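From first to last, the protein sequence lines stand for chains A and B. To convert, take the position in the first sequence, counting from 1, and add 268; that gives this note's numbering. To convert, take the position in the second sequence, counting from 1, and add 268; that gives this note's numbering. For glycine and all other residues, C-beta sits at the position ideal for the given N, C-alpha and C. Computed from a prediction, not measured in an experiment: that's the story for all the values here.
2 protein chains.
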Amino acid sequence: MPAKPVTPRDVGVRDRLLDAADRLFYTEGVRSVGIDRVLADADAAKASLYAHFGCKDELVAAYVQRRVEAARSTIDRFVRDVPPRARALRFFDWVVEWAESADFRGCPLQHVVAELSDEKHPARLIAARQREWILGRLTEWARAAEVSHPNRVAGALMVLFDGAIAAAEQDGPKRARDARWTAEKLLGAPRR
Amino acid sequence: MPAKPVTPRDVGVRDRLLDAADRLFYTEGVRSVGIDRVLADADAAKASLYAHFGCKDELVAAYVQRRVEAARSTIDRFVRDVPPRARALRFFDWVVEWAESADFRGCPLQHVVAELSDEKHPARLIAARQREWILGRLTEWARAAEVSHPNRVAGALMVLFDGAIAAAEQDGPKRARDARWTAEKLLGAPRR
DNA sequence: GTGCATACAGACAGGTCTGTCTATCTCTCG
DNA sequence: CGAGAGATAGACAGACCTGTCTGTATGCAC
Chain A
269 MPAKPVTPRD
279 VGVRDRLLDA
289 ADRLFYTEGV
299 RSVGIDRVLA
309 DADAAKASLY
319 AHFGCKDELV
329 AAYVQRRVEA
339 ARSTIDRFVR
349 DVPPRARALR
359 FFDWVVEWAE
369 SADFRGCPLQ
379 HVVAELSDEK
389 HPARLIAARQ
399 REWILGRLTE
409 WARAAEVSHP
419 NRVAGALMVL
429 FDGAIAAAEQ
439 DGPKRARDAR
449 WTAEKLLGAP
459 RR
Chain B
269 MPAKPVTPRD
279 VGVRDRLLDA
289 ADRLFYTEGV
299 RSVGIDRVLA
309 DADAAKASLY
319 AHFGCKDELV
329 AAYVQRRVEA
339 ARSTIDRFVR
349 DVPPRARALR
359 FFDWVVEWAE
369 SADFRGCPLQ
379 HVVAELSDEK
389 HPARLIAARQ
399 REWILGRLTE
409 WARAAEVSHP
419 NRVAGALMVL
429 FDGAIAAAEQ
439 DGPKRARDAR
449 WTAEKLLGAP
459 RR
C-alpha cells in the first residue's frame, strides 16, 4: 500500500519534496494531501519543508510552477519539428498522447483552480499566466495556419484544449481524440 | 460581510440547509466550506443536518443531485421549442447564457470531481451519471441534425461543453461563445 | 393537557491540519 | 579538530472540522 521512496535520498531535499508533492498533489489534490503525507513520501523533515518553501501554499505554488515549466518546454519541443502552419494540430497530438498516458488524471491547473477558491492564491496566479501563454501559442499557430479568423479560432482551440483534458479525465482518452478531430475541422480544409 | 439569512426560516430546515449548501459549496468549494458555515448560513442546528442527511458527504451528494435535476429540466425546457435538428446548437445558446449569468463560477460537477479524489464518493457517482445523460442528449440531437458521424460529433460536442464551462470560468463568457461558434461549424451550415 | 415529532443551542470528543520549536545527527571546510 | 550549515526526528500549540450527545423549546394530534 504505502507508495514510498520513489525519489532516492541523495537528490537534495528540495527536489525530493517537490517530487513527492507532485505525485501526491496531482493524484489526490492539493487540499486532500497534508504536509505530513508529503514529508513521509519525500522521506524528509518538516523543518526542511518550511526552510525551503515557507508555507504549504508556497509548496503548492512551486508544484504548479514546475508543472507549468515542464509543459511549456514539452509543448514547444513537440511542435518544433513541423512547419508553423501544422503546429496547432500537432499540439492536439500532444494532448492525445498526454490523455493516453498511464498516469493522466486531468489538468493539474484546472484542479488547483477548483480546489483553491481564493483567486489571489500564488498557485492560481501562476495558472492564470499559463493560460495566457497557451492562448498566445494557439493564436500564433492559428495565424500561421492562415485561418480566416485567427483570434476566434484560437479561442475555440483553447476551449477544445480545456474540454479535451476535462472530458478525457472522466470519459477516457477518446475525448482527446474527439477534440483533435474538431480542431482538424477548424484548421483543415477551409482555406477561406 | 457575513452573508446571512437568505432563505426565510419557514421553508423547512431541509431546504434551508440545501440552499445554504448550494450557495457556499458552489462559490467556495465543498471542501473549503465546513458544516458550521452551512449551519450558520441556513440558521439551522447541527442535529437537523445530521437527522436529514446523515453525514457531510451525503449533504454534498444532495447538493449535486439538486443541481443535476435543475440542469436537466432547464436544458430540456430550453431546447423544447426548436425542432430536434436545431437542438444541439440551441443547447450551446443555453451554455452561453449560463456563462454570462452573474453568479456563474464554472461547473459544480467539474469542481466536485476535482475536489473529491475518491471516485466512489456518492456525489461523484451522481456526476458521472449526469455526464451520461448529457452525452445521450447530445447524441440524440446530433442524429436529428443528420450529421455524417453523429457519435463522433456528440463526443466533440461533449468536449465543447466541458471546455466552454471550464474556459469561461477562467477567461469569461466569450469562451462559451467560441464553443458555440465551433459547434455551429460541426453541425453544418444547413440549419433552421 | 399530554405525548410526540421536530427543531434549536451548544458543549464535547476525537481527529487532522499547519506551523513552530528544540534537540540531534552528519558532512564539509578550514 | 572544530565550527557551522543543512538535515532529521518529533513534540507541541492552536486552529478547525466532523459527528455525537444532552437539554430545551415549539407546535400539533388526540
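Leucine 403/B and tyrosine 294/A have their C-alpha atoms roughly 27 Å apart. Rounded to whole angstroms, the separation of the alpha carbons of alanine 330/B and alanine 312/B is 17 Å. When DSSP assignments are scanned along the region 338 to 419 of chain B, the uninterrupted stretches of alpha helix (DSSP H) that are 4 or more residues long and fall wholly within it turn out to be 355 to 368, 376 to 383, 390 to 412. Lysine 453/A and histidine 417/B have their C-alpha atoms spaced approximately 13 Å apart. Straight-line measurement puts the Cα of glycine 374/B at about 11 Å from the Cα of glutamate 368/B.
Nearest CB-CB separation between glutamate 383/A and chain B: below the 7 Å threshold. Where serine 316/A is concerned, the enclosing alpha helix (DSSP H) starts and stops at 314 to 321. Taking the CA atoms as reference points, aspartate 290/A sits about 10 Å from leucine 327/A. In this structure, the beta-carbon distance from valine 363/A to alanine 444/A falls below 7 Å. Of all residues in the region 408 to 428 of chain B, the ones placed with a Cβ closer than 8 Å to any Cβ belonging to chain A are Arg420, Gly423, Ala424, Met426, Val427, Leu428, in chain order.
When 9 Å is used as the limit between beta carbons, glycine 297/B is near these residues of chain A: Arg299, Ala382, Glu383, Leu384, Ser385, in chain order. The Cβ-Cβ distance between histidine 320/B and arginine 284/B does not fall below 7 Å. Interface annotation, alanine 339/B: not in contact with chain A, CB-CB separation never under 7 Å. Beyond the five residues adjoining it in sequence on each side, glycine 297/A comes within less than 7 Å, by CB distance, of His379, Glu383 in the same chain, given in chain order.
Taking every protein chain shown into account, the CB of tryptophan 449/A has 16 or more other CB atoms within 10 angstroms, so this residue is buried. With its beta carbon at least 7 Å from every one in chain B, alanine 315/A lies outside the interface. The beta carbons of valine 279/B and leucine 292/B sit no closer together than 7 Å. With at least 16 other beta carbons inside 10 angstroms of its own, glutamate 437/A counts as buried. Nearest in C-alpha terms to arginine 340/B, of all of Arg353/B, Ala354/B, Phe359/B, Lys324/B, is Phe359/B.
DSSP, reduced to helix, strand and coil, places aspartate 311/A outside both helices and strands of the structure shown, so it counts as coil. Exclusion of the five residues before and after alanine 288/B leaves Val306, Asp309, Ala310 as the residues of its chain whose Cβ lies within less than 6 Å of its Cβ.
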